Amino acid sequence: AEKIILDVDTGSDDAVAIMTAILSPDIQVEAICSVAGNKDIDKTTENTLRVVQHLGADVPVYRGCSQPLVKFLREDRQPKKVHGLELVVDGKAVQMHADTLDIPEAKIHEQETPAPVFYLNYLHQAEEPITLVAVGPLTNLAVALMLDPMVVEKVKRIVVMGGGYKVTNATSTAEFNIWYDPEAAQRVLDSGAEVVFVPLDATHRACVSKSDCARFREIGTKASVFAAELIEQRILMHNAFQPLDIPDAAAVHDALAVCYVINESVLKDVRYVHCAIGFRGLGEGQTVVDPRHVTAEKNCWFAFDGDREKFVAMLNEILALGE
Ligand code: RIB
Ligand code: CA
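Quick note: the sequence shown, position 310, residue 324 per my numbering, numbers continuous.
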């Protein structure tokens, strides 16, 4: 099994990603680091602990950064992000990401060590390079890399759910994880590690439908039923604010990034390109991918498409594991 460290801002699709990673026999989750993003650090940490507890998994959770590296997120600067919008269905408020996940309160606790310090401790003693899977803002990784750039030698690759070429969500030009901490994303790109972007161009095509969720419910495991509940809420939000190519479907961004580690063919049209991050102004948080044949030195892999059938088949198989 491939060892990974997951970095999450749990969130609804983060929860599906955590369950997929923990249950997959092809992945060994060494640790999960929380970061502020979808919600504040207290909520993303509590939600992460709840998911680990839900599966009865023995995976340490490390609490990470509570703010982006540089930018100040004042209310007036929040993007018209889908996550923040509310929908009321049958009198019940629906969000892309609930403040707290609808599973029992965590009885387990996070580790003492802050996430960026954990990265340094783990990577310094690691025998061989490890895959990092980041499905929230990249603040923790950027801080670790700023404390000791040499740790990149123990990083096999960084799989980042983030960015968008023709598809955005936080603003007209940006995807949320990158928008939330653009400077951190640029630092990860500059780190020298191999970076693979799983952007919205891929996650919006490899989406999960309402009938897929019905199948998850039939499977009847704790993971598959909880995943169905989370994704059905996401479908309501997508239908209202971000309709996809097929009706009654949702992107489950973070789980696609995890599935890429298990089977790379779940992403399509993956190209090696030059990408730079927009910092301020209209392009704040934009992954500016250079489409020209001749560009500045190329620095990352970027998936321009995803395989919906393969993704759903993997979720059916993996979420059926466990009780
Ligand atoms: O833009 C999608 C990303 O933002 C996902 O990681 C989702 O969890 C949110 O954090
Ligand atoms: Ca996330």
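Using N, Cα and C, we set each Cβ at its ideal position, and we do this for glycine too. Note that this is a predicted model, so its numbers are computed, not measured.
Inset, instruction - Take Asp283 as the anchor and find which of Met110, Leu152, Leu99, Trp315 has the nearest alpha-carbon. - result: Considering only alpha carbons, the answer is Trp315.
Legend entry - Coil, strand or helix - Tyr179 by DSSP: In the structure shown, Tyr179 falls within a coil segment according to DSSP collapsed to helix, strand and coil.
Inset, instruction - Tell me whether the beta-carbon of Lys170 lies closer than 7 Å to the beta-carbon of Leu137. - result: In this structure, Leu137 does not lie closer than 7 Å to Lys170 by Cβ.
Inset, instruction - Flag Gly25 as yes when its Cβ comes closer than 6 Å to any non-hydrogen atom of ligand 1, and as no otherwise. - result: Under cutoff, so the answer is yes.
Inset, instruction - Could you have a look at Glu246 and say whether DSSP puts it in helix, strand or coil? - result: Three-state result, Glu246: helix.
Legend entry - Simplified DSSP assignment, three categories, for Val96: Confidence in Val96 is poor, its pLDDT being 49 and thus under 50, which makes the residue's placement too unreliable to answer from.
Inset, instruction - May I have a chain-ordered list of the alpha helix (DSSP H) segments no shorter than 4 residues that lie completely inside the region 251 to 298? - result: Unbroken alpha helix (DSSP H) stretches of 4 residues or longer found wholly inside the region 251 to 298: 267 to 276, given in chain order.
Legend entry - Reduced DSSP category for Arg201 - H, G, I as helix; E, B as strand; rest coil: Helix at Arg201.
Inset, instruction - Give a yes or no on contact between the region 39 to 46 and the region 64 to 74, applying the rule of three or more CB pairs nearer than 8 Å. - result: Enough Cβ pairs lie closer than 8 Å, so yes.
Inset, instruction - Return the chain-ordered list of same chain residues with a C-beta closer than 6 Å to the C-beta of Phe335, the five sequence neighbours on each side being excluded. - result: Looking at the sequence provided, one finds Leu at residue 335 rather than Phe. Sequence-distant partners of Leu335 (beyond 5 residues in either direction) whose C-beta falls short of 6 Å from its own C-beta, in its chain, are Leu37.
Inset, instruction - Can you give me the Cβ contacts of Thr114 inside the same chain, cut-off strictly under 7 Å, excluding the 5 residues immediately before and after it? - result: Taken in chain order, the residues that qualify are Lys57, Glu60, Asn61.
Inset, instruction - State buried or exposed for Phe190, treating a residue as buried only when at least 16 other CB atoms are found within 10 Å of its CB. - result: With a threshold of 16 other beta carbon atoms within 10 Å, Phe190 meets it and is buried.
Legend entry - Euclidean distance between Cα positions of Pro163 and Arg201: If I take the Cα positions, the gap works out to 10 Å.
Legend entry - C-alpha distance - Asp268 paired with Val210, whole-angstrom precision: C-alpha of Asp268 to C-alpha of Val210: approximately 13 Å in a straight line.
Inset, instruction - Apply the 10 Å Cβ neighbour rule to Pro39 and answer buried if 16 or more other Cβ atoms are within range, or exposed otherwise. - result: The residue in question, Pro39, is exposed, as its Cβ has fewer than 16 Cβ neighbours within 10 Å.
Inset, instruction - Kindly examine ligand 2 and report whether one of its heavy atoms sits closer than 6 Å to the Cβ of Gly150. - result: Yes, the beta carbon of Gly150 sits closer than 6 Å to at least one heavy atom of ligand 2.
Inset, instruction - Verify the contact flag: Glu142, CB atom, against every heavy atom of ligand 1, threshold strictly below 6 Å. - result: No; taking the cut-off as 6 Å, the Cβ of Glu142 has no heavy atom of ligand 1 nearer than that.
Legend entry - Val147 beta carbon less than 7 Å from that of Ile18: At the C-beta level, Ile18 and Val147 come within 7 Å of one another.
Inset, instruction - Please report the residue range of the beta strand (DSSP E) in which Ile122 lies. - result: Ile122 -> no beta strand (DSSP E), and no H or E assigned at all.
Inset, instruction - Take Thr217 and list the residues in its own chain whose beta-carbon comes closer than 6 Å to its own, dropping the five residues that flank it on each side. - result: These residues qualify, in order along the chain: Ala265, His267, Leu270.
Inset, instruction - Would you mind stating whether Asn154 and Ala184 have Cβ atoms separated by less than 7 Å? - result: The answer is no: Cβ separation not under 7 Å.
Inset, instruction - Please report the Cβ distance between Val149 and Asp21, rounded to the nearest whole angstrom; I am assuming they are in contact, meaning their Cβ atoms lie under 8 Å. - result: Contact holds; Cβ gap of about 7 Å.
Inset, instruction - Determine the extent of the alpha helix (DSSP H) in which Val66 is found, giving its start and end residues. - result: Element bounds for Val66: 55 to 68.
Legend entry - Rounded separation between Ile172 and Leu203 - CA only: Cα to Cα, Ile172 sits roughly 9 Å from Leu203.
Inset, instruction - Go ahead and label Glu124 buried or exposed: buried means 16 or more other beta carbons lie within 10 angstroms of its beta carbon, across all protein chains shown. - result: Under a 10 Å Cβ-count criterion, Glu124 is classified as buried, with 16 or more other Cβ atoms of the shown protein chains found around its own Cβ.
Legend entry - Candidates Val174, Ala71, Ala263, Pro196: closest to Ala120 by CA position: Nearest of Val174, Ala71, Ala263, Pro196 to Ala120, Cα basis: Ala71.
Legend entry - Whole-angstrom distance between Val287 and Pro305, CA atom to CA atom: About 7 Å.
Inset, instruction - Decide if the region 238 to 251 is in contact with the region 291 to 304; the criterion is three or more beta carbon pairs, one per stretch, under 8 Å apart. - result: Contact between the region 238 to 251 and the region 291 to 304 is not established, with fewer than three Cβ pairs separated by less than 8 Å.
Inset, instruction - Please state whether DSSP places Asp215 in a helix, a strand or coil. - result: Three-state DSSP puts Asp215 in a helix.
Inset, instruction - Kindly indicate the opening and closing residues of the beta strand (DSSP E) around Ala48. - result: Residue identity check: residue 48 is Ser in the sequence provided, not Ala. 41 to 48 is the span of the beta strand (DSSP E), which, as asked, contains Ser48.
Inset, instruction - Could you tell me whether the Cβ atoms of Phe325 and Cys273 are closer together than 7 Å? - result: Judged by their CB atoms, Phe325 and Cys273 are nearer to each other than the 7 Å cut-off.
Inset, instruction - Give the secondary structure of Ala184 by DSSP, where H, G and I count as helix, E and B as strand, and everything else as coil. - result: In the structure shown, Ala184 sits in coil (DSSP, three-state: anything other than H, G, I, E or B).
Legend entry - Cβ pair Ala158, Tyr179 closer than 7 Å: Going by beta carbons, Ala158 and Tyr179 fall outside the 7 Å limit.
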